[in-house]
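Engineer:
2 protein chains.
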Amino acid sequence: MEEAGEALVPMQAGEADQAEARPKRGTGRRLHGAIAQKLGSAIVSGRYAPGDRLEGEVAFSETLNVSRSAYREAVQVLVAKGLVESRTKAGTRVLPRNRWNLLDPDVLAWAFTGEPHIDFIRDLFELRQIVEPAAASLAAQRRDRDDLAVMKTALAAMRKYSLATETGRAADRDFHNALLQATRNEAVVALSASIGAAVSWTTQFKQRARALPRNPIPDHVRVYDAIAAGNAGAAAEAMRTLVDLALEDTRSAMQA
Amino acid sequence: MEEAGEALVPMQAGEADQAEARPKRGTGRRLHGAIAQKLGSAIVSGRYAPGDRLEGEVAFSETLNVSRSAYREAVQVLVAKGLVESRTKAGTRVLPRNRWNLLDPDVLAWAFTGEPHIDFIRDLFELRQIVEPAAASLAAQRRDRDDLAVMKTALAAMRKYSLATETGRAADRDFHNALLQATRNEAVVALSASIGAAVSWTTQFKQRARALPRNPIPDHVRVYDAIAAGNAGAAAEAMRTLVDLALEDTRSAMQA
DNA sequence: CCTCTCCTTTTTGTCGGACATATTCCTGTT
DNA sequence: AACAGGAATATGTCCGACAAAAAGGAGAGG
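This is how it looks when you write it as structure tokens:
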């Protein structure tokens with residue numbers, strides 16, 4: 001139902017006093033993309049509750065100082081990701097969480113623009129614990145020489161720069177991407193794009209809280225060795241412990 | 257209450273033969289949604305190859321007999337799903353497959369509007385074989401009385417009507433949905449919601465090819481019993497065989 | 001007083017045209 | 001031939017208007 005009165009004011013998280021509401025588009029970004037990000041992160045982070053009605057298009061686009069067209073295109077993006085639903089006269093309303101495309105890369109990114117709920121991170125790691133060992137198993141059976149080469153270089157880069165540097169984290173992503181590529185399974189790879197992004201965010205969290213309490217390189221090496229040897233069971237097991245430790249680190253980091 | 261009904265009309269179910277005619281929107285469907293579906297399925301089914309450039313907005317929207325605004329909103333949907341990318345002056349180009357959000361429900365649906373590649377189905381079932389046994393295991397550990405009740409009624413409905421009827425298939429979906437809900441993991445639920453939709457399409461394929469070669473009820477019962485008993489290992493194993501058989505059936509049906 | 005029907009009003013949906021912006025690509029210069 | 005600069009072109013944004021659908025209220029009838 002409709003809450004009376006103060007119901008749903010646009011956020012315009014007022015750092016500026018005056019009408020600086022216009023979402024300036026960052027590097028090369030399109031305007032409607034910026035609006036979509038702004039609205040999307042606002043929804044995912046809970047500033048709009050499921051069932052809430054957004055302000056009307058005309059009014060909202062006015063307060064944002066953008067044209068209705070740009071605003072509408074942004075809303076279409078949110079509709080495409082299952083965050084909101086628009087019906088004539090009823091307005092645009094936030095859908096319940098179970099309709100959201102949580103594995104959409106953008107939605108995941110938006111979820112990590114703010115402090116994500118600990119439960120959600122738990123769910124994500126649980127999915128990782130399901131998918132990644134199985135992926136490692138598949139990779140062990142199907143990898144070719146090129147896959148191993150890419151993983152090896154990524155591993156070397158991880159050793160050289162630690163996970164504290166951005167280049168080091170990029171190498172970590174490369175390692176996991178190469179592993180998933182070796183599964184020869186498009187669906188699994190697509191999942192990785194989502195989970196991988198989330199994982200990189202949680203890695204940043206870990207770093208932010210304190211120094212990494214444990215050197216993750218040996219775990220990665222064990223995974224690599226098992227895949228190189230074509231030992232599917234060992235690869236799965238090694239990956240399982242790797243994810244376990246990552247979860248443990250993240251959890252302790254977030255409690256602090 | 258929310259009319260869940262996406263039983264909404266499949267537009268232009270008949271012939272798409274007519275040159276490039278205006279995409280008539282089925283009851284309640286928005287125009288840009290229809291365009292997005294048309295373009296999306298064309299891309300996913302391969303009628304546009306990755307790297308191809310779409311016709312310019314003005315020209316294309318003219319041949320479709322729609323306004324540029326509607327066309328643009330449709331394109332934004334495709335952008336949101338990673339299918340295309342638009343850049344000034346360069347035009348709108350189809351992205352490589354690894355950029356697509358394959359687990360997006362709409363993308364999956366579009367993939368099954370035409371004859372999907374057998375490899376893709378294989379990938380999908382492989383992912384199912386990874387996720388669903390693990391989900392059953394989680395469900396066995398976390399289900400409560402309500403979950404079991406819902407699953408039990410769904411099971412009864414499946415027994416009453418077979419999978420040959422739509423109500424029977426709906427009961428099948430209910431069963432799997434209840435199972436996933438019992439995992440208490442939003443990410444797993446979201447993933448399986450996508451895959452589940454695709455699976456229901458393959459089920460229809462099976463039915464179309466020939467009568468279901470095997471009674472699937474006992475397999476479901478085994479899964480239910482294991483979950484009810486809280487036996488995680490048995491639940492995973494039962495689900496594994498269930499998915500295995502489903503894959504086998506689908507494969508033999510598609511070879512015919 | 002309640003219910004049903006009809007109409008008003010609100011909000012999204014679609015349209016058309018205009019201008020802005022950013023590249024690409026061609027052209028002309030050095 | 002290399003480079004710089006301008007014209008062409010496609011997307012990006014803005015504006016204003018009307019169409020369509022549906023929620024909510026008004027009025028007739030029970």
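Protein chains in written order, with our numbering: chain A, 1 to 256; chain B, 257 to 512. Where is the CB? At the ideal position from N, CA and C, for every residue including glycine.
(1) From this set, Lys294(B), Ile473(B) and Arg328(B), which residue's C-alpha is nearest Ala420(B)'s C-alpha?
(2) Name the chain A residues that come within less than 7 angstroms of Ser325(B), Cβ to Cβ?
(3) Can you have a look at Ala305(B) and say buried or exposed, based on whether 16 or more other CB atoms are within 10 angstroms of its CB?
(4) Okay, do the segment 165–181 of chain A and the segment 72–89 of chain A touch, 3+ Cβ pairs below 8 angstroms being the bar?
(5) By how many angstroms is the C-alpha of Val350(B) removed from the C-alpha of Gly307(B)?
(6) Suppose you measure from the CA of Glu422(B) to the CA of Ala453(B); what does that come to, to the nearest Å?
(7) Report yes or no: is there a C-beta of chain A within less than 8 angstroms of the C-beta of Ile386(B)?
(8) Let's test the definition: count the other Cβ atoms within 10 Å of the Cβ of Leu314(B) and tell me whether it reaches 16, buried, or not, exposed.
(9) Would you be able to state if there are at least three C-beta pairs under 8 angstroms between the segment 179–186 of chain A and the segment 109–120 of chain A?
(10) Would you check if the distance between the CB atom of Lys81(A) and the CB atom of Ala336(B) is smaller than 8 angstroms?
(11) With 16 as the cutoff for other CB atoms within 10 Å, does Gly33(A) come out buried or exposed?
(12) Can you check DSSP and say which residues form a bridge with Arg53(A)?
(13) With distances taken Cα to Cα, identify the nearest neighbour of Val66(A) among Glu55(A), Ile35(A) and Ile43(A).
(14) If I measure Cβ to Cβ from Ser393(B) and keep anything under 6 angstroms in the same chain, skipping five residues before and after, which residues do I get?
(15) Please state the DSSP three-state secondary structure of Val66(A).
(16) Have a look at the DSSP bridge pairing and note the partners of Val340(B).
(17) Between Leu102(A), Thr241(A) and Val150(A), which lies nearest to Ser45(A) when the distance is taken from Cα to Cα?
(18) Which residues in chain A have a C-beta closer than 9 angstroms to the C-beta of Val444(B)? List them in chain order.
(19) Answer yes or no: does any C-beta atom of chain B fall closer than 8 angstroms to that of Phe120(A)?
(20) Restricting to runs no shorter than 3 residues, where is the beta strand (DSSP E) found entirely within the segment 421–505 of chain B?
(21) Helix, strand or coil: how does DSSP classify Ser508(B) here?
(22) With DSSP as the reference, label Pro361(B) as helix, strand or coil.
(23) Going along chain A in order, which residues have a C-beta closer than 7 angstroms to the C-beta of Arg328(B)?
(24) Leaving out five residues before and five after Ala391(B) in sequence, what residues of the same chain have Cβ atoms less than 7 angstroms from its Cβ?
Structural biologist: Reading from the atomic positions:
(1) Measuring from the Cα of Ala420(B), the nearest candidate turns out to be Ile473(B).
(2) The answer, in chain order, is Ser69.
(3) Result: exposed.
(4) Taking a cut-off of 8 angstroms on C-beta distances, the segment 165–181 of chain A does not touch the segment 72–89 of chain A, as fewer than three cross pairs fall below it.
(5) Between the alpha carbons of Gly307(B) and Val350(B) lies a gap of roughly 5 angstroms.
(6) Looking at the backbone, the Cα of Glu422(B) and that of Ala453(B) are separated by about 14 angstroms.
(7) Interface residue, yes.
(8) What sits at residue 314(B) in the sequence shown is Val, not Leu. Looking at its Cβ environment, which holds fewer than 16 other Cβ atoms inside 10 Å, Val314(B) is exposed.
(9) The segment 109–120 of chain A is not in contact with the segment 179–186 of chain A.
(10) Cβ distance < 8 angstroms, so Lys81(A) and Ala336(B) count as in contact.
(11) So Gly33(A) counts as buried.
(12) In the DSSP assignment, the residues bridged to Arg53(A) are Arg93(A).
(13) If we check each option's Cα against that of Val66(A), Ile35(A) comes out closest.
(14) Contacts found: Ala488, Ala491 and Ala492.
(15) In the structure shown, Val66(A) adopts coil according to DSSP, grouped into three states.
(16) In the DSSP output, where bridge partners are listed per residue, Val340(B) has Val350(B).
(17) The residue with the shortest Cα to Cα distance from Ser45(A) is Leu102(A).
(18) Neighbours of Val444(B) in chain A, taken as residues whose beta carbon is under 9 angstroms from its own, are Asp123, Glu126, Leu127 and Ile130 in chain order.
(19) With 8 angstroms as the cut-off, Phe120(A) counts as an interface residue toward chain B.
(20) You should have found no qualifying run.
(21) Three-state result, Ser508(B): helix.
(22) In the displayed model, Pro361(B) falls within a helix according to three-state DSSP.
(23) Per Cβ cutoff of 7 angstroms: Glu73.
(24) Here the set comprises Leu435, Leu436, Thr439, Val444 and Ser448.
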